[in-house]
Amino acid sequence: MLRVNSTGTLNDCTSGCNQKFLVHLRRPIYFDESKGFGFDWFRAEYEQPLTKLLAYSPMIEPIYLGRIRDLKEMYYCEGVPRISPYGKEYIPSIISMFSDIDEDASEYIKNKQANGLTLDVEVYEIDAELFSDATRIEFMSENEFVQIQPSFIDLNSFICNGKAKDFIRDPKVQISRKNEKFYRKENAINIKIIGGYIENFEEIKIIAHFSDGSTQQVGQSVIYPNNVYRAIRIQPVKFQVHKVFNLPQKYKEAIQSVMAQALIVPIFEEEETFSIDTNIFEQYDFKVRYLRAKNEQYIAKETVSEATNYLYKMRDDILNIYGTYSPNVENHVDDNHNQITYLIFIDLKCGSYALDREKEIVEKRRDKGLEIKVGEIYSGFGAGGVASHNSTTGWGNATIIYDFFIERPNDALNTANHELAHSLGLSHIFEANSSEAQFYQATTDNLMDYSSVTDENYESHQNPFSGDETDKELIVENVLNKFQWEIMCEDQSIIMD
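Note that our numbering has the sequence shown beginning at 627, numbered continuously upward.
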């Protein structure tokens, strides 16, 4: 039998032959559609290079810096059989979501669960180009509480959409996929957990039903157990030094949507207003000491060391004043027995800079001793937020968000989530020996990555997964990986039932 493929050429196929392909569930291109759920998968760029059509860097190696096999192992789950359709390696995606019967979840999360998680579906060709026939793809779970709609999708509906592209936002960046071809159907399926909890890793099987009546498992996804209640108590604080202000709107929803990825329920205490009392000498002295920080983003210092220490000194001074005089702190803010996490918004800017003489010397060495004038190079240190440290457990119980949140509230919400994740044990994913999985800086959509990176020529480059300033649906700095869910859930601040 001859069949016509999507390009109009002919495939020589005898009656009853079956097409070969793999199927993967994927997060929607716009992150907003999956807020309130956890979804992780082994990204192509972890293993295949990102190509950059920029003069400074024609190609970046795969963005993962560790052993790729170790990273892949993180996606396999206990009790879920590993599959290899047609002998091809298959790494499942991981889903975390609450059940519709979670009474402790907020109204925001309950509404999210009621609507379910909507995902894209991608179909990857194997060996030959796909063509239209009666093949159908089934999505099924043997767990009675897992509801998937629709349960069947025709393969033809993918082919009609044409070949897909990766969802990296920066058009100058693409993944070198080694001629890998795939199709995407957006918002293709919806998953809900209705009437009960998931007690073990639950497999979603993806089955191809061919026109000759035969079947083949061509993919899978795994739902994370959600039967253990985990919560974090958060004390929101308005730390008013120089002016009166309001907290960012919807900050609770922003935090709930990120914590839900790790199946953690935030419990918000009543908002506290902590205003500096100038009749108390220590508080008056604090206000005077940071008078310039009211309006100046960067304070000049004599040395790079002083500039660096300024940031830590400000953090410690803020926590000392608040911890000493706030009625809501029973012990020290970072006491090991303190299960409250303090989310402090303050009307101070935090930044410093100094002439970096070490960098001047490096520049002169590059000129091989020639008498060429080198411009002065300054090192600047600025912070939108910071998390406290505990000498015994590492990260502490407090986060501070500096005053840029008044002008840029959306950025501040990302910063608040970033710092709260620090307080729950997460490090930056680009730091060696501090994260279970290390990546190049500013190359991922991860909450613990940065939105930009400065190269050796002191030029700043944007994270390819972030949108521009006009983009209302930034992906960058929102997403958590499976291994990070597990670290957060083990933090001493987590309340379990």
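Where is the CB? At the ideal position from N, CA and C, for every residue including glycine.
Measuring CB to CB, does residue 948 end up less than 8 Å from residue 900?
Position 322 of the sequence shown, counted from the first residue, corresponds to residue 948. Position 274 of the sequence shown, counted from the first residue, corresponds to residue 900. Result yes, Cβ atoms of residue 948 and residue 900 sit closer than 8 Å.
Check the DSSP bridge columns for residue 1020 and list the partner residues they point to.
In the sequence shown, the residue the question calls residue 1020 occupies position 394. Residue 1020 pairs with 1016.
Pick helix, strand or coil for residue 723, following the three-state DSSP scheme.
Working through the sequence shown from its first residue, we reach residue 723 at position 97. Look at residue 723 here: in three-state DSSP terms it is coil, with no helix or strand label.
Nearest CA to the CA of residue 1115: which residue from 745, 1059, 1050?
Locating residue 1115 in the sequence shown gives position 489, counting from the first residue. Comparing Cα positions, the closest option is 1050.
If you check the beta carbons only, do residue 977 and residue 925 fall under 8 Å apart?
Residue mapping note: residue 977 aligns to position 351 of the sequence shown, counting from 1. Residue mapping note: residue 925 aligns to position 299 of the sequence shown, counting from 1. Remark: C-beta atoms of residue 977 and residue 925 approach each other more closely than 8 Å.
Measuring CB to CB, does residue 661 end up less than 8 Å from residue 883?
Along the sequence shown, one-based indexing puts residue 661 at 35. Along the sequence shown, one-based indexing puts residue 883 at 257. Yes, the pair counts as a contact, with Cβ atoms nearer than the cut-off.
Less than 8 Å between the C-beta atoms of residue 1119 and residue 965, yes or no?
On the sequence shown, position 493 is the one that residue 1119 refers to. On the sequence shown, position 339 is the one that residue 965 refers to. It is a contact, given that the beta carbons lie within the stated cut-off.
Between residue 885 and residue 837, what straight-line distance do the alpha-carbon atoms span, to the nearest angstrom?
Taking the sequence shown and counting its residues from 1, the one referred to as residue 885 is at position 259. Taking the sequence shown and counting its residues from 1, the one referred to as residue 837 is at position 211. Computed Cα separation, rounded: 44 Å.
In whole angstroms, give me the CA-to-CA distance for residue 995 and residue 1060.
Counting from one through the sequence shown, the residue named residue 995 turns up at place 369. Counting from one through the sequence shown, the residue named residue 1060 turns up at place 434. Interpretation of residue 995 is limited by its pLDDT of 48, a score under 50 that renders its predicted location unreliable; no figure is taken from the coordinates.
Got a sec, what are the start and stop residues for the beta strand (DSSP E) residue 700 sits in?
Reading the sequence shown from its first residue, position 74 is the one you call residue 700. Segment: none, residue 700 is in no beta strand (DSSP E) and carries neither H nor E.
For residue 857, name the three-state secondary structure that DSSP assigns.
For the purposes of this step, residue 857 is taken as residue 231 along the sequence shown, with counting starting at 1. Looking at residue 857 - three-state DSSP - the assignment turns out to be strand.
Residue 941, enclosing alpha helix (DSSP H) - first and last residue:
For the purposes of this step, residue 941 is identified with residue 315 of the sequence shown, where counting begins at 1. For residue 941, the enclosing alpha helix (DSSP H) covers residues 930–951.
Measure the C-alpha to C-alpha separation of residue 1072 and residue 807 and round it to an integer number of angstroms.
Start at 1 with the first residue of the sequence shown, and residue 1072 comes out as number 446. Start at 1 with the first residue of the sequence shown, and residue 807 comes out as number 181. When rounded, the distance between both Cα atoms is 26 Å.
Provide the residue span of the beta strand (DSSP E) that contains residue 740, from first to last.
Position 114 of the sequence shown, counted from the start, is the residue given in the question as residue 740. No beta strand (DSSP E) holds residue 740; the alpha helix (DSSP H) holding it covers 733–741.
By Cβ distance, which residues of its chain are closer than 6 Å to residue 1112, with the 5 residues on each side in sequence left out?
The residue you call residue 1112 lines up with position 486 of the sequence shown. Correct list: empty, nothing qualifies.
Starting from residue 884, trace the alpha helix (DSSP H) both ways and give me its first and last residue.
Translated into positions along the sequence shown, residue 884 becomes position 258. Unbroken alpha helix (DSSP H) run through residue 884: 877–885.
Who pairs with residue 868 in a beta bridge, going by DSSP?
Walking along the sequence shown from the start, residue 868 turns up at place 242. DSSP lists no partner for residue 868.
Residue from 812, 695, 773 with nearest C-alpha to residue 789:
Numbered from its first residue, the sequence shown carries residue 789 at position 163. Out of 812, 695, 773, the CA that lies nearest to the CA of residue 789 is found in 812.
C-alpha gap between residue 845 and residue 1065, whole angstroms
Along the sequence shown, one-based indexing puts residue 845 at 219. Along the sequence shown, one-based indexing puts residue 1065 at 439. Cα to Cα, the separation comes out at about 27 Å.
Proximity below 8 Å, CB of residue 850 to CB of residue 1123
Working through the sequence shown from its first residue, we reach residue 850 at position 224. Working through the sequence shown from its first residue, we reach residue 1123 at position 497. For the pair residue 850 and residue 1123, the CB atoms are not nearer than the 8 Å cut-off.
Going by beta carbon distance, what residues of the same chain come within less than 7 Å of residue 742, once the five residues before and after it are set aside?
Start at 1 with the first residue of the sequence shown, and residue 742 comes out as number 116. Shown here for residue 742: same chain residues with a beta carbon closer than 7 Å to its own, the five before and five after excluded, namely 816, 817, 818 in chain order.
Answer yes if the segment 825–834 comes into contact with the segment 750–766, meaning at least three C-beta pairs across the two stretches below 8 Å, and no otherwise.
Three or more beta-carbon pairs drawn from the segment 750–766 and the segment 825–834 are found closer than 8 Å, and the two stretches are therefore classed as touching.
Under the three-state DSSP convention, the category residue 1120 falls into:
Position 494 of the sequence shown holds residue 1120. Residue 1120 falls in the coil class under three-state DSSP.
Determine whether the beta carbon atoms of residue 933 and residue 927 lie at a separation below 8 Å.
The count along the sequence shown starts at 1 and reaches residue 933 at position 307. The count along the sequence shown starts at 1 and reaches residue 927 at position 301. The answer is yes: Cβ separation under 8 Å.
Mark residue 907 as exposed unless 16 or more other C-beta atoms lie within 10 angstroms of its C-beta, in which case mark it buried.
Here residue 907 refers to the residue found at position 281 of the sequence shown. Residue 907 should be labelled exposed.
Where do the N-terminal and C-terminal ends of the alpha helix (DSSP H) with residue 782 fall, by residue?
Counting from 1 along the sequence shown, the entry for residue 782 is found at position 156. Here the alpha helix (DSSP H) through residue 782 covers 782–785.
How many angstroms separate the CA atom of residue 902 from the CA atom of residue 722?
Along the sequence shown, one-based indexing puts residue 902 at 276. Along the sequence shown, one-based indexing puts residue 722 at 96. Across the structure, residue 902 and residue 722 are spaced so that their CA atoms are roughly 42 Å apart.
Cβ contact check for the segment 778–787 and the segment 709–720: 3 or more pairs under 8 Å:
Touching, no.
Could you tell me whether any Cβ in chain B is nearer than 8 Å to the Cβ of residue 730?
In the structure shown, chain B cannot be found, because there is only a single protein chain.
For the beta strand (DSSP E) that contains residue 766, what are its first and last residues?
Translated into positions along the sequence shown, residue 766 becomes position 140. First-last of the beta strand (DSSP E) with residue 766: 762–766.
Classification of residue 740 by the beta-carbon crowding that lies within 10 angstroms, buried from 16 upward:
The count along the sequence shown starts at 1 and reaches residue 740 at position 114. Classification of residue 740: exposed, given that the 10 Å Cβ count is below 16.
State yes or no: is the C-beta of residue 1044 nearer than 7 Å to some heavy atom of the ligand SAH?
This structure lacks the ligand SAH; in fact it carries no ligand of any kind.
CA-CA distance, residue 745 and residue 654?
Within the sequence shown, residue 745 is the residue found at index 119, counting from 1. Within the sequence shown, residue 654 is the residue found at index 28, counting from 1. When rounded, the distance between both Cα atoms is 6 Å.
Could you tell me the alpha carbon to alpha carbon distance between residue 1016 and residue 1026, rounded to whole angstroms?
Your numbering for residue 1016 matches position 390 in the sequence shown. Your numbering for residue 1026 matches position 400 in the sequence shown. Whole-angstrom Cα-Cα distance: 15 Å.
Taking the Cβ atom as the reference point for each residue, do residue 1047 and residue 1074 lie within a distance shorter than 8 Å?
In the sequence shown, counting from the first residue as 1, residue 1047 sits at position 421. In the sequence shown, counting from the first residue as 1, residue 1074 sits at position 448. In contact: residue 1047 and residue 1074 (Cβ atoms closer than 8 Å).
Going by other Cβ atoms of all chains shown within 10 Å of its Cβ, with 16 needed for buried, is residue 1117 buried or exposed?
As a first step, residue 1117 is located in the sequence shown; it is residue number 491 there, counting from the start. Buried, since its Cβ has 16 or more Cβ neighbours within 10 Å.
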